[in-house]
Amino acid sequence: MSQVSQVRPGLYLSGSDPALRLSVLSSRSISLVVNASGLQDLVYPQMEGLSVLNVPLQDQPHAPLKLYFDLVGERIHQNRTGRTLVHCSAGRSRSPSLIIAYLMRFEGLSLRRAHEAVLEQRPFIRPNAGFWRQLMEYERSLFGRNTMRMVSTPGGVLPEALRLPEDLPEALRLPEDPEPAYCLNI
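First residue of the sequence shown: 1, per UniProt numbering; consecutive thereafter.
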């Protein structure tokens with residue numbers, strides 16, 4: 001995918017091709033590239049002040065992406081006065097998953113809301129089932145509950161938004177939960 005998507009001011013998401021083009025990096029004043037393509041031998045354009053963080057994982061359900069949620073999130077957060085581009089091969093699974101984890105930790109969004117925020121800017125994201133499970137574990141570790149679950153469908157195992165109980169105590173609600181969640185299958 002050659003498209004670059006702006007998820008937040010200063011936070012971009014793409015596949016590998018745009019991340020390797022000087023015009024893309026310089027026009028957006030990118031100062032940090034998070035390479036989640038699994039390829040560590042990529043050659044980025046020479047730009048003053050550009051740093052690269054490699055996440056050496058393949059897009060496989062068993063790949064331990066969760067080991068990088070905090071590291072990548074902290075680097076993005078530290079670079080918030082600059083601009084960050086997070087990319088994988090196609091910008092569909094690994095890089096969106098890392099950005100979703102960042103939004104949960106540093107913006108306090110639930111998994112459901114973080115996924116919606118990224119999906120709104122890049123409609124063709126599709127984290128693999130293993131990454132969904134890891135994001136759900138991360139959400140539970142951050143907030144003590146989940147807003148998504150995995151369900152078996154004829155099309156495979158897919159994430160589904162959980163309906164919050166009507167009588168859920170206020171202390172257990174996240175700030176963006178004004179009412180029970182709707183069901184979402186992707």
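Using N, Cα and C, we set each Cβ at its ideal position, and we do this for glycine too.
{"Query": "Beta-bridge partners of Asn146, as assigned by DSSP", "Result": "Bridge partners of Asn146: none, in fact."}
{"Query": "Runs of beta strand (DSSP E) lying entirely within the UniProt domain \"Tyrosine-protein phosphatase\" (3-144), each at least 3 residues, in chain order", "Result": "4-8, 11-14, 32-35, 51-54, 84-87"}
{"Query": "Assigned exposure category for Asp70 - 16 Cβ within 10 Å defines buried", "Result": "exposed"}
{"Query": "At least three beta-carbon pairs within less than 8 Å, the segment 21-28 to the segment 97-106", "Result": "no"}
{"Query": "Cβ-Cβ separation, Leu32 to Gly82 (assumed contact under 8 Å), whole Å", "Result": "6 Å"}
{"Query": "DSSP-derived helix/strand/coil call for Pro154", "Result": "coil"}
{"Query": "Same chain, Cβ closer than 7 Å to Gln134, five either side skipped, listed in chain order", "Result": "Leu65, Lys66"}
{"Query": "Close Cβ partners of Gln121 (< 8 Å) along its chain, the five nearest in sequence each way excluded", "Result": "Ser5, Gln6, Val7, Leu13"}
{"Query": "Phe131 versus Ser37: straight-line alpha-carbon distance, rounded", "Result": "15 Å"}
{"Query": "Span separating the alpha-carbon of Arg105 from that of Phe143", "Result": "9 Å"}
{"Query": "Exposure of Gly49, with buried meaning 16 or more beta-carbon neighbours within 10 Å", "Result": "exposed"}
{"Query": "Tyr44 vs Leu11 beta-carbon contact at 8 Å", "Result": "no"}
{"Query": "Among Met148, Arg94, Asn35, Pro127, the one whose alpha carbon lies nearest that of Arg112", "Result": "Met148"}
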